[in-house]
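A short write-up of the structure that comes next.
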Amino acid sequence: MYKKVIYQAYPLSFADANGDGLGDVRGIIDKLDYLHSLGVDVLWINPIFVSPKNDNGYDIVDYLAIDHVFGTMAEVEELIQKAKTYQIDIMFDMVLNHSSIFHPWFQKALAGDKKYQDFYFFRKGDVDQAPTNWVSKFGGSAWNWNEKIQMWNLALFDKTQADLNWDNPAVRDEIYKIVNFWISKGIKGFRFDVINLISKPKVFENADLSVHDGRLFYTDGPNIHKYLHLLNHNTFGKHHGITTVGEMSSTKLEAALKYANPKNQELEMVFIFHHLKVDYLNGNKWVHKSWDKKEFKKLLIEWQKQMCAHKSHMALFLNNHDQPRVNSRWGDIKNHWYASSTLFTALNFFLVGTPFIYQGEEIGMTNHDFNDIEDYKDVESINAYKTLLVQGNSVAEALKVLAHISRDNSRTPMQWDESSYAGFSKVNPWIKINSNYTKINVASQINDPTSILNFYKKMIHLRKTQDALSSDEIEFIDSNENTFIFKRSYKDQEIMCYFNWSNQKENISQYLQDKKAYKILLNNYNKEFIDLVLKPFELLILERKK
Ligand code: TEU
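Residue numbers (the working numbering): -3 to 542.
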């Protein structure tokens, strides 16, 4: 049974208690009762360790200390303890594929210490010739030149994020110490950042860039299952009740099936992203095409069937800190804001796996309304903007691309109320607040039984109380590209789930012979009677009467 519901808080943008415009741990502590009222079991917090924040904390200088911006170790200990009184486990975000180049390990390497040079992938060479032609996921070469020691180092993301050498047992031992330190502090969950990239190939060779950017060499690498098994056995696998999820960047299905199969003793569940690339033209994130509903449905069904058949556990999400908000991305928030903001999440909630809620989706927060490159803070987006201009796009065209797909779409401050700065802070925050905060905020919804927030509470309650919705039994019903229909069951309970993810009406009467035999469990148009002509972005969850 998959009963857990996990909430993701992006700490920089969740709640600012000390009034510096940046979110902090004290702010999260102040919101524990809100999270408890939602029905959250695990709270995933993006990295809060010491970092220069070139990549908002995914570039870590000290894995065992809390960055002053977020607060103190004592406040983290208080958060863990207080969360426990609400039966909420804290999940930390472990960035173990790379460290910041300002980490002491990397600094010692730069000073010529061979032991620490072997903590990373340093290669001798010529400043004019990188070791391979691999491309960074944030644009440009995946290699960083170090003038002082006349060597390159591998950096698959930002130049200031240096890939760690997991082939070195000394690195693995340091990693185990870090994870065990946080377990000793009472952390009961870990999200492992791009963890399927940690096993690099023995030989680094050039990629055929017409086929791939180097990722086929380092994704799901040769020793990945060995290293995950060792990580499990040396840290969280020695304890009961620690939730683990791996972020599997561009993973292949057969690898994912192994990562999240309990018998392999690697991880509890995995995030995969294929279904979130169906609006990338030819796989290019920065060239948009309208989302391919057929491909989206095909991927969801294929992964669900395979993961269930192999008893592997899937993390279910459509929103996170790296994605634009799905209601804006694939819904119609102008004409169907409520339906768009509830349909996709319900779809996510009622598949097989563990559902994740990303801060703000529970109140229907939308993509930002930035209109100037100065509004953007995300290193990936700013790099992409520069590349788009070099490629000949106008400023307006480049900003249009960013408005659709930039990670900053989901990083604007949480909208708590209609007071200045949306109740997030007492001062102007580090990133612009969406101007719709006066209309979309927690305070305006919390006591409204018809609000998106209370729809989420109903969904979470259903998920926890209806065993058919948390079982691993699912049967997909073939339907047209605008609808997605499946049956969930457990013992003698049968629940039919109907989704119209289009902007037009869809008649689903052919998919339900005897509607008198069913009752409505959930509907986002508040219908009291079963109406088999679904409105735009309508969901209908029906239980067969016993
Ligand atoms: O994300 C890795 C990742 O796959 C995304 O960054 C993706 O590559 C990018 O959004 C392009 O679609 C993880 C973290 O979630 C992300 O915030 C970090 O920036 C990244 O790793 C590096 O640590």
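Cβ atoms here follow ideal geometry from the backbone N, Cα and C, with glycine treated the same way.
- prompt: Out of curiosity, what's the CA-to-CA distance linking ASP163 and ASP114?
  reply: 9 angstroms
message: Please state whether the Cβ-Cβ distance between ARG407 and TYR6 is less than 8 angstroms.
response: yes
task: Return the residue from the list ASN161, LEU212 and GLN261 that minimises the CA-CA distance to HIS236.
output: GLN261
- request: Tell me whether the beta-carbon of SER95 lies closer than 8 angstroms to the beta-carbon of LEU160.
  value: yes
- prompt: Is the segment 87 to 104 in contact with the segment 47 to 65, if contact means three or more CB pairs nearer than 8 angstroms?
  reply: yes
query: Closer than 7 angstroms: is that where the CB of HIS317 sits relative to any heavy atom of the ligand TEU?
result: yes
- request: Would you identify the three-state DSSP class for PHE292, choosing helix, strand or coil?
  value: helix
query: What runs of the alpha helix (DSSP H), each 4 residues or longer, lie entirely inside the segment 431 to 482?
result: 448 to 461 and 463 to 466
field: Option in ASP318, ARG325, LYS428 and PHE340 with minimal Cα separation from SER545
entry: Limits of the chain in this structure are -3 at one end and 542 at the other, which puts residue 545 out of reach.
- request: Provide the residue(s) that pair with PRO48 in DSSP beta bridges, ordered along the chain.
  value: Bridge partners of PRO48: none, in fact.
message: Pull the bridge partners of GLN300 from the DSSP assignment, please.
response: Paired residues: none, contrary to the question.
message: According to DSSP, simplified to helix, strand and coil, what is GLN77?
response: helix
query: Which residues share a DSSP beta bridge with MET265?
result: VAL241
message: Given 7 angstroms as the limit, tell me if SER245 has its C-beta closer than that to any heavy atom belonging to the ligand TEU.
response: yes
field: TYR59 Cβ short of 7 angstroms to the ligand TEU heavy atom set
entry: no
message: Pairs of beta-carbons, one from the segment 434 to 451 and one from the segment 358 to 370, closer than 8 angstroms: are there three or more?
response: yes
field: Proximal residues to MET492 (C-beta, below 6 angstroms), its chain only, five neighbours per side dropped
entry: LYS483 and LEU538
query: Mind checking whether the beta-carbon of ARG403 lies closer than 7 angstroms to any heavy atom of the ligand TEU?
result: yes
- prompt: In the structure shown, what three-state DSSP assignment does ASP29 receive?
  reply: helix
message: With DSSP as the reference, identify every bridge partner of LYS94, one or two as the case may be.
response: It should be noted that the sequence gives His, not Lys, for residue 94. The partner list for HIS94 (beta bridge, DSSP) reads ASP159.
query: Around the Cβ of HIS229, are there at least 16 other Cβ atoms within 10 angstroms (buried) or fewer (exposed)?
result: exposed
- request: State the DSSP-derived secondary structure class of PHE340, mapped to helix, strand or coil.
  value: helix
- prompt: Where do the ends of the alpha helix (DSSP H) carrying PHE213 lie?
  reply: 211 to 214
query: Residues bridged to GLN125 by DSSP?
result: ASP122
- prompt: Is TYR116 near the ligand TEU, with its Cβ less than 7 angstroms from a heavy atom?
  reply: no
- prompt: Per DSSP, what kind of secondary structure is GLN113 in: helix, strand or coil?
  reply: helix
- prompt: Does DSSP put LYS173 in a helix, in a strand, or in coil?
  reply: helix
message: On the CB-based measure, 16 or more other CB atoms within 10 Å of its CB, does SER308 come out buried or exposed?
response: buried
- prompt: What does a CB cutoff of less than 6 angstroms around ASN140 pick up in its chain, not counting 5 residues either side in sequence?
  reply: ASN149, ALA151 and LYS155
task: Take ILE62 and list the residues in its own chain whose beta-carbon comes closer than 8 angstroms to its own, dropping the five residues that flank it on each side.
output: VAL21, ILE44, PHE45, VAL46, THR68, MET69, GLU71 and VAL72
- prompt: What are the start and end residues of the beta strand (DSSP E) that includes LEU150?
  reply: 147 to 150
task: Give the secondary structure of LYS325 by DSSP, where H, G and I count as helix, E and B as strand, and everything else as coil.
output: According to the sequence shown, residue 325 is Arg rather than Lys. DSSP places ARG325 in helix when its eight states are reduced to three.
field: CA nearest to the CA of ILE183, picked from GLY108, ASP85 and LYS144
entry: ASP85
- prompt: In this structure, does DSSP put ARG168 in helix, strand or coil?
  reply: helix
message: What residue range does the beta strand (DSSP E) around GLU539 cover?
response: 535 to 540
message: For the beta strand (DSSP E) containing LYS422, name the first residue and the last one.
response: From DSSP, LYS422 is part of no beta strand (DSSP E); its letter is neither H nor E.
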